[in-house]
Amino acid sequence: MSPDLQNALTDFIPQVVPEIVLGVSACVLFLGATFRVSRHVWGVFALVALTLASFALIATIRSLPLFTEPPTTFDKSKWPLYAAPVLFTPLALFFKVVGLVTGFLLVLLSWDEGGEDHAGEYHGCLLLLVAGIGLVGAANDLLTLFLALELISLPTYLLLYLPRADERAQEAAMKYFLLSVFSSGLLLFGFSYLYGLTGTTNIPALLDMFASGQERLAPNPEASTQQPWVGVTLLALVMIVAGLGFRITSVPFHFYAPDVYQGTTTPAAALLAFVPKIVGFAALLRILGYVPGLSAFERPLGTAMGEQVPMLLWIMAAVTMTLGNILALLQDNIRRLIAYSSVAHAGYMLIGLAVVRYLANAPGESVGGVEALLFYLVAYGAMTLGFFAVLHYLDSPDRPLESVDDLAGLGKSHPSCGLLLTLFLLSLIGMPLTAGFVGKFLIFFDAMGLSSQNAEQARLYRILALIAALNAAVGGWYYLRMIGVMYLREAIDPLPRPRPAPVVATIAVCATLTLGLGLFPQSLLQLIRDALPRPNAQLVARAADEGQAVARE
Amino acid sequence: MFEDHHIVLWLLGLPLLSAVVVWCLGPTRGPAIRAVSFASSVVVLLLTAMLIVRFLAISGERSPVTEDTVHQESKIHTFKPEFVPGASAEDRHKTTWNILSFGRGQIQFYLGVDGLNIWLIVLTALLMLPSVLVSFRQITERVNEFYAWLLALQTCMIGVFLAFDIVLFYVFFEVSLIPLFFLIGIWGGSRRQYAARKFFIYTLAGSLITLLGVIGVVIACSPDASSKLTFSIPELVHEVHKNLENEDTRGYWSAVQLWTFLALSLGFAIKVPLIPFHTWLPLAHVEAPTAGSVDLAGVLLKIGSYGFLRLCIPLAPDFTLVNGLPIITWLAAIGVVYGALCAFAQDDVKRLIAYSSVSHLGLCMLGLFSLNAIGIQGGIMQMINHGLSTAALFLLIGMLYERYHTRQLKDYSGMASKMPLFAICLVFASLSSVGLPGLNGFIGEFLCLAGIYQYEVIDRQQRILPILTVLGASGLILGAWYLFTMLRKLLFGELREPSHEGEPITDLTVREWGLLTPIFILCVVIGFYPRPILHTTEPDVERIGLIVKQARKRAGLSIDPPPLVTGRADVR
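As you go down the protein sequences, you meet chains A and B in turn. Quick note: the first sequence uses this note's numbering, first residue 343, plus one each step. Quick note: the second sequence uses this note's numbering, first residue 851, plus one each step.
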């Protein structure tokens, strides 16, 4: 065995033990699914696998040091930043935990999903998804990142196809497949440009190169237009943002969402609403250089990709939330409505991404923007999964829950379901005392919080905050419509009383999270803060000096 | 043992606890639900009575003038809440209970009582009792939910008034929409769905802009990453004034104030409501059940005017003085006349009273925005008085509707001979609303008009035609016109009852008497002896007066306008 390979194995394998556990379990499920066994066996197996993966994660935390310390030397063996395909950073840990929790919730949510003969494959795919989330969070290399993203896309196609084989489900699966492949192609194309420009696929190295290039150009802005690499970088970034924009359902890459959500089953729609968003934002954070602490050179976050990126994100955020909300107003089908609402929420989250460049420069301060984005992401996950879980709980083959009117009188016929749906909807509106409010508050706070030094940007982002506020009011209308239908109207054809099912556990966890994070947001915010290293004041100052020195040369 | 700040916490906790208990009792146990709600509102009322007694005891020492006589012109003034739960050892006006901590500041669970909010809390507690009692017979469906939402609404309203943290204020402000949405939407009239949704969305849109204003103020107060971030209203007011007094930062802050004022006032103007943001109000009132109308008119609208007083004026004093004052007073004055004329045109009694609210609150805003001590005290008095008299009117109309199931004036005539007690009560409530001297309405209306007169004639030297004062005063005359017209059509003339399908029509029952009595007693007491209210509000009105005085100095206006009446601002 060559020493390089040995090094790679000894460094790499221990970091991804949870993912390996999940992958192996998924393989067992795929093989085992050929045997006719009750679906409960496979469900329990998936839960056991997730529990094992959680233990593996705990063991990893105990045995491996988290990658937090800023480097002092360039000793490659001690410091894998510029070499390793994956890094066990605090943020990676955060995403792994989010992935595992999502995994548990999804397995319980889709316990009864699909035919008896597909249950094994279905749960196997879910496990692969969870592994994919963890890998995207940890990826330190464009290739790992791309593979991890595909590890999520491929099972998703199956998950869309497996539980339902009628025409609409097939259309949904096909649509998602084609567009997803296309977006992956775009993403890869963008990656290839980045590789062509820098000669490396290592993300920190690549970002450092761009950043130093930008710094050289900074004193002389006119020169930047003459530098061909600036244009090529932008082109690459546009393609990358487009490729990932598909996953976070941002306009104009959202077209598939309503059709696919409507065509597929409720658990699959829940999964589509949340999982691609986690990985999409995780990948964007990483590639745009918005994760602090991952560079030998301390410089303000997000300088690598130039000044145009925040502008691009600004426009995407504004258009995404506005279009998503307005189109949601016109919907009658619940799942289509939530599809557009998930587009709108992607818009709010993009605000968090768009402000990072201008917020995170303060030394010793929490990382604005990213923090709000991650909080919103978790809050959004809790309320959307919860909402879909209640829908799924009420839905039955002989009385499908399709249009908003089907919810009529729910508050009376199913008081607790009505109450829970109301809780999730109020959270989606962003009413106080729910997680949704805290998320919106943090996002608004960051968008308004630009320092007065860059007055022009401050004004721009205040306008964005205003657009978001108006959008939230528009959003209030269609969520409220559902609450109104549930409580203010009489049931025409009451829904049958559902049987107790494992999905109740998902609902309970989501409701607890939605309410708990609304009442006590400090706990999650602290976790997120710990996951993001603060920019070190001295290092920032030193980096600024060095930057000037470089510029003088 | 039972300390002052415990009362504050119980005021908030007890209705919430009762709401949970009531909800859990289930829809079938009607008597138990009613008993719990009634007991809870009685206890809350007793707690507020305790609060008043203890507050009166210390209110003598609260004047900002006695605090610091030498430097009072140059000193920076801010609110000083009392009875703060979790107060730190060194400063009883500040709390140490944090909810959400940012790196350089925290959102706190900061409650307190001062002269501006204490009477509004009393009003909330007082109006809860009739709201509960009047619903005993009116509400028969989903009883537990109804009382739970009603109690939750009370929690939110008390919370808004108690909050001294700007985010906490906003949280209560916004959450109060949810209970009322359900109260209107489930137990309302025929167009309840539309009314509930319109009310919710209208207010939500305004309050989201207010949220931006709130965040904007907080951020403007800590311009760079090294400065402290504060969400406490007293500290924010302090910061704003420090920055305004400082020559270097004043330029930036004049710009900030414009946006602060616009953003904050939009949400509050919708809530008050000022013309042209009032369209949701008549609809919501007409469709709401009686208890909902009582709370909506009695307390919720005051959240808007209270927001102006607590946040808008102190956080943007210069802009309020120079630009906000003309805008708001004109809108308010137009509202006074427009609301009155609209009220006159209505045939639905509830709609009539709803428009009369627009008119009365216009007068209240005129008082508040005259920005002098008399006017602000008048505004506060008007808030309380409007709460009492309009609640009484809504209660009476609710009782009538309960008997005949119609609210159209054209269906009734000569009811005085059929229900004499009812007629007496309605006349009394109308007189109180119109502002008959000797009843509560007069005090507030007089002070408001005196305040706006002082602003216009003495301050701005508009001796020829003080048009705002004239418009405001015409509201009183028009008010008498539409209310007496209503009384004439409803009570006097030949007896003509709407059909009531053979059900025997009784005059007011003991329960109905009982629920009206406390309101009427208070109407008379305030009418003859308003001193305790004026006395307790005075120190805090003076604080706002001093804030405005400094703003006047900055704006280059004369600092001490000659007083309208010699001596202090209260009527003794």
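We put the CB at the ideal spot given by N, CA and C, even for glycine.
1. What do you reckon, are the CB atoms on residue 1282 (chain B) and residue 1294 (chain B) nearer than 8 Å?
2. Please return the same chain residues whose Cβ sits closer than 6 Å to the Cβ of residue 415 (chain A), not counting the five positions on each side in sequence.
3. Please report whether the beta-carbon of residue 998 (chain B) lies at a distance below 8 Å from any beta-carbon of chain A.
4. Tell me whether residue 1289 (chain B) sits in a helix, a strand or coil according to DSSP, three-state version.
5. Decide if residue 1030 (chain B) is buried, meaning its Cβ has at least 16 other Cβ atoms within 10 Å, or exposed.
6. Entirely within the stretch 583–623 of chain A and at least 4 residues each: give me those alpha helix (DSSP H) ranges in chain order.
7. Closer than 7 Å, Cβ to any Cβ of chain A: which residues of the stretch 1051–1066 of chain B, in chain order?
8. Whose CA, out of A:738, A:623, A:669, lies closest to the CA of residue 478 (chain A)?
9. Considering residue 1424 (chain B), what are the terminal residues of the beta strand (DSSP E) in which it resides?
10. Interface residues of chain A around residue 958 (chain B) at Cβ under 7 Å?
11. Measuring only between beta-carbons, confirm whether residue 656 (chain A) sits less than 8 Å from chain B.
12. Just curious, the beta strand (DSSP E) that residue 957 (chain B) is in, first and last residue?
13. Using a Cβ cut-off of 9 Å, which residues of the stretch 922–952 of chain B contact any Cβ in chain A, in chain order?
14. Excluding the five sequence neighbours on either side, which residues of its own chain have a C-beta within less than 8 Å of the C-beta of residue 372 (chain A), listed in chain order?
15. Can you tell me which of A:700, A:522, A:401, A:759 puts its alpha carbon nearest to the alpha carbon of residue 737 (chain A)?
16. Identify each residue in the stretch 1032–1048 of chain B for which the Cβ-Cβ distance to at least one residue of chain A is less than 7 Å, and report them in chain order.
17. At a Cβ threshold of 8 Å, is residue 581 (chain A) touching chain B?
18. In angstroms, rounded to a whole number, what distance separates the CA positions of residue 1234 (chain B) and residue 996 (chain B)?
19. Quick check: the Cα distance between residue 573 (chain A) and residue 635 (chain A), rounded to an integer number of angstroms?
20. Under 8 Å between the Cβ atoms of residue 1060 (chain B) and residue 869 (chain B)?
21. Quick check on residue 1024 (chain B) - is its C-beta less than 8 Å from some C-beta in chain A?
22. Does any CB atom of chain D fall closer than 8 Å to the CB of residue 719 (chain A)?
23. Quick one: is residue 1021 (chain B) near chain A, going by C-beta distance under 8 Å?
24. Where does residue 932 (chain B) sit, in a helix, a strand or coil, going by DSSP?
25. Which residue from A:358, A:385, A:835, A:357 puts its Cα closest to that of residue 370 (chain A)?
26. Using a C-beta to C-beta distance shorter than 7 Å, which residues of chain B count as neighbours of residue 814 (chain A)?
27. Taking CB distances under 8 Å as the criterion, tell me whether residue 1069 (chain B) reaches chain A.
28. Taking residue 1153 (chain B) as the query, report the chain A residues whose CB atoms sit under 8 Å from its CB, ordered along the chain.
29. Using CA atoms only, rank isn't needed, just tell me which of B:1277, B:1190, B:1285 is closest to residue 1228 (chain B).
30. Considering only the alpha carbon of each residue, which of B:1097, B:1335, B:1187, B:1203 lies closest to residue 1216 (chain B)?
31. Could you confirm whether any beta carbon from chain A is found closer than 8 Å to the beta carbon of residue 1083 (chain B)?
32. For residue 580 (chain A), which residues in the same chain have their Cβ closer than 6 Å to its Cβ, ignoring the five residues on either side in sequence?
33. Between the stretch 846–864 of chain A and chain B, which residues of the former have a C-beta closer than 7 Å to a C-beta of the latter?
34. Could you have a look at residue 961 (chain B) and say whether DSSP puts it in helix, strand or coil?
35. Please report the straight-line C-alpha distance between residue 749 (chain A) and residue 778 (chain A), rounded to a whole angstrom.
36. Could one say the Cβ of residue 694 (chain A) lies closer than 8 Å to chain B's Cβ atoms, at least one of them?
So, from the listed chains and residues:
1. Cβ distance not < 8 Å, so residue 1282 (chain B) and residue 1294 (chain B) don't count as in contact.
2. In this prediction, residue 415 (chain A) scores a pLDDT of 46, lower than 50, which makes its location untrustworthy; the coordinate-derived value is nonetheless stated afterwards. There are no such residues.
3. no
4. strand
5. The residue in question, residue 1030 (chain B), is buried, as its Cβ has 16 or more Cβ neighbours within 10 Å.
6. 598–605
7. 1051, 1054, 1055, 1058, 1059, 1061, 1062, 1065, 1066
8. The shortest C-alpha to C-alpha distance from residue 478 (chain A) to any of A:738, A:623, A:669 is the one to A:623.
9. No information on residue 1424 (chain B) is available, as it lies outside the stretch 851 to 1422 that chain B covers here.
10. The premise fails here: residue 958 (chain B) is roughly 12 Å from chain A at the closest Cβ pair, so nothing lies under 7 Å.
11. no
12. 955–958
13. Flagged, chain order: 948, 949, 950, 951, 952.
14. Residues of the same chain with a CB within less than 8 Å of the CB of residue 372 (chain A), apart from the 5 flanking positions on each side, are 462, 463, 466 in chain order.
15. A:759
16. Within the stretch 1032–1048 of chain B, the residues whose Cβ lies closer than 7 Å to some Cβ of chain A are 1032, 1035, 1036, 1042, 1043, 1046, 1047, listed in chain order.
17. no
18. Answer to the nearest angstrom: the Cα atoms are 26 Å apart.
19. 27 Å
20. no
21. yes
22. In the structure shown, chain D does not exist; the protein chains are A and B.
23. yes
24. strand
25. A:385
26. Residues of chain B passing the Cβ test: 1058.
27. yes
28. The premise fails here: residue 1153 (chain B) is roughly 14 Å from chain A at the closest Cβ pair, so nothing lies under 8 Å.
29. With distances taken between Cα atoms, residue 1228 (chain B) lies closest to B:1285.
30. B:1187
31. So, not an interface residue.
32. There are no such residues.
33. 863, 864
34. strand
35. Computed Cα separation, rounded: 22 Å.
36. no
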